[in-house]
Amino acid sequence: MSKTQDLTITDVRVIVSSPGRNFVTVKIVTESGLYGIGDATVNGREQAVATYLREHVAPCLIGRNAHQIEDIWQYLYKGVYWRKGPINMAAIAGVDVALWDIKGKAAGLPVYELLGGKSRKAVTTYAHATGETVADTLDKAEALIAQGFTAVRLQTAVPGLDASYGVLRGQKDYFEQQSSRPLPPEEPWSTRKYMNSIEALFREARARLGDEVALCHDVHSRLTPIEAARLGKMLEPYDLLFLEDAVAAENQDSYRVIRDHTTTALAIGEIYNTIWDCKEMIQNQWIDYIRCATTHAGGITAMRRIADFAALFHVRIAPHGAPDLSPACYAAQAHLGIWAPNFGIQEFVGFGSEASAEVFSHDLTLENGMIHVGDSPGLGVDFDEEAAARHPYKRSYLPVSRLEDGTLWSW
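So the sequence shown is numbered by my numbering: it starts at 284 and just counts up by one.
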């Protein structure tokens with residue numbers, strides 16, 4: 284290895300900033316000057332993962348060869364007594380993605396070429412249409428379809444409830460909505476009101492939007508397995524691309540109950556951290572799409588394993604794409620998506636806010652609802668530390684749900 288390609292790790296920087304949304308960015312610098320960028324954000328627990336990285340992970344990386352991605356991944360995962368978990372796996376992911384970025388730059392190749400090359404010309408996405416009423420939601424869906432999107436997620440406020448998770452409630456976008464919650468907002472929930480109103484959304488959607496557009500819906504884990512089974516059966520006539528997070532699945536067998544009762548396609552995985560969280564559901568073919576995010580499931584190295592395992596059982600990947608995932612995560616998932624033979628679809632809420640565009644640059648482009656991946660070496664993403672310093676961290680949380688009688692509700 285020549286001096287110009289000495290990839291000995293000399294510095295690991297962890298930057299917490301809030302350019303429209305809180306992000307934990309990992310920047311790994313090598314002796315040669317090559318560096319890589321990774322995302323280690325855990326929504327609402329950003330400082331926990333940042334501290335873990337600074338105090339426990341970074342010191343273990345100095346002096347190691349950045350080319351040895353697999354060994355470093357195994358070292359960080361197996362080399363601690365406390366495995367798995369969102370903080371640990373996000374830290375590993377931030378490091379792993381940064382190392383893949385470095386390897387691509389050293390090779391002069393985009394990361395997707397290192398994975399095995401393209402399996403498709405671009406990455407198909409689905410956008411979000413959310414509204415206060417069915418008509419409002421469908422107006423927004425039509426606007427997205429006019430922009431070229433062929434798949435749309437539909438969410439509508441539940442009549443009779445003051446708030447509904449995922450509905451913007453007058454705010455312009457998710458970045459504005461999620462940037463000003465210094466304490467977790469508490470939102471009411473009624474399963475009966477939801478179940479009595481949801482079918483109308485999809486009945487009207489098919490009448491207005493036709494049969495060609497792919498439709499999705501996110502339940503946000505608010506049902507029991509048998510309630511979710513009933514919902515899936517109710518929505519069968521409307522041919523959803525998938526029903527997402529119908530029920531939380533710490534107990535993976537819950538999805539067997541749903542699968543036994545409906546042919547509606549099922550998706551889950553955005554809060555999963557390892558392949559073990561979804562192993563039974565995949566190998567038993569209880570789900571159709573696995574939605575792990577690169578940032579939360581151990582990085583590109585781990586996501587490649589999940590994708591390959593899922594392919595054996597006809598399960599496709601559909602990575603999480605929320606606003607709390609930085610452009611570094613989007614870039615990593617775009618490279619995975621353009622490579623993975625069993626890629627399904629990518630959730631898309633935008634590449635970030637106006638503020639995040641000051642901090643992150645990337646070579647991804649969106650055209651007709653598809654992400655086109657550039658040919659820049661590595662991930663094609665960069666991070667401006669000086670710009671990030673102008674957007675300091677602001678504590679912000681996702682909401683929690685309570686039943687109308689006050690019971691905390693999250694299955």
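Virtual Cβ for every residue (Gly too), placed ideally from N, Cα, C. It should be emphasised that the depicted structure is a prediction, and the values quoted were computed from it without experimental measurement.
By the three-class DSSP mapping on this structure, what secondary structure does E314 have?
coil
Where A593 falls: helix, strand or coil (DSSP)
In the structure shown, A593 sits in a helix (DSSP, three-state: H, G or I).
Given that a residue counts as buried once 16 or more other Cβ atoms are within 10 Å of its Cβ, and exposed if not, what is H597?
Per the 10 Å Cβ criterion, exposed.
Suppose the cutoff is 6 Å on Cβ atoms and the five residues either side in sequence are ignored; what does the same chain contact list for A594 look like?
N625
Just curious, the beta strand (DSSP E) that C575 is in, first and last residue?
From DSSP, C575 is part of no beta strand (DSSP E); its letter is neither H nor E.
Identify, in the order they occur along the chain, each residue of the same chain with its Cβ nearer than 6 Å to the Cβ of Q616, setting aside the five sequence neighbours on each side.
The answer, listed in chain order, is T577, P602.
For R464, which three-state DSSP category applies?
coil
Have a look at P675 and V664 and give me their C-alpha separation to the nearest angstrom.
For the pair P675 and V664, the Cα-to-Cα distance works out to about 21 Å.
Within 10 Å of its beta-carbon, does Q288 have 16 or more other beta-carbons around it, so buried, or fewer, so exposed?
exposed
So the candidates are G661, P660, A671; which of them puts its Cα closest to the Cα of A640?
A671
If you draw a straight line from the alpha carbon of S315 to that of Y613, how long is it in whole angstroms?
26 Å
With a threshold of 16 other CB atoms inside 10 Å of the CB of K388, please say whether the residue is buried or exposed.
buried
Every unbroken alpha helix (DSSP H) within the stretch 502 to 527, with a cutoff of 4 residues, ordered by chain:
508 to 518
Contact criterion: CB-CB distance below 9 Å. Does F643 meet it with respect to chain B?
Absence of chain B from the displayed structure is noted, only one protein chain being present.
From T275 to Q351, what distance separates their C-alpha atoms?
Because the chain spans 284 through 694 in this model, residue 275 falls outside it and cannot be assessed.
State the Cα-Cα distance for the pair E415 and Y477, rounded to the nearest angstrom.
13 Å
Using beta-carbon positions only, say whether P468 and P682 come within less than 9 Å of one another.
yes
Could you check where the alpha helix (DSSP H) with W383 kicks off and where it finishes?
369 to 390
Where R695 sits in the DSSP three-state scheme
Missing from the structure shown is residue 695; the chain here goes from 284 to 694 and no further.
Ignore the nearest five residues each way along the sequence and tell me which others in S300's own chain have a CB closer than 8 Å to its CB.
Excluding residues within five positions, the ones whose Cβ falls inside 8 Å are F306, T308, V642, A671, A672, H674, P675, Y676.
Enumerated in chain order, which unbroken segments of the beta strand (DSSP E) with a length of 3 residues or greater are wholly contained in the stretch 605 to 683?
643 to 645, 648 to 650, 653 to 655, 664 to 666
In terms of residues, what are the limits of the alpha helix (DSSP H) holding L427?
417 to 429
For M284, collect the residues of the same chain with a Cβ closer than 7 Å to its Cβ; drop the 5 residues on either side in sequence, then sort them by chain order.
Confidence is the limiting factor: at M284 the pLDDT is only 42, short of 50, which leaves the residue's position unreliable, though a coordinate-based value still follows. Correct list: empty, nothing qualifies.
Tell me which same chain residues have a C-beta within less than 7 Å of the C-beta of S537, skipping the five on either side of it?
P508, V530
Can you give me the C-alpha to C-alpha distance between D571 and L398, rounded to a whole angstrom?
23 Å
Does the distance from the C-beta atom of F485 to that of H503 stay below 9 Å?
no
Is T350 helix, strand or coil by DSSP?
In the sequence as displayed, the identity of residue 350 is His instead of Thr. H350 falls in the coil class under three-state DSSP.
Tell me, which residues are paired with P471 by DSSP?
Note: P471 is bridge-paired with R685 in the DSSP secondary-structure output.
DSSP has I551 in a bridge; who is on the other side?
I573
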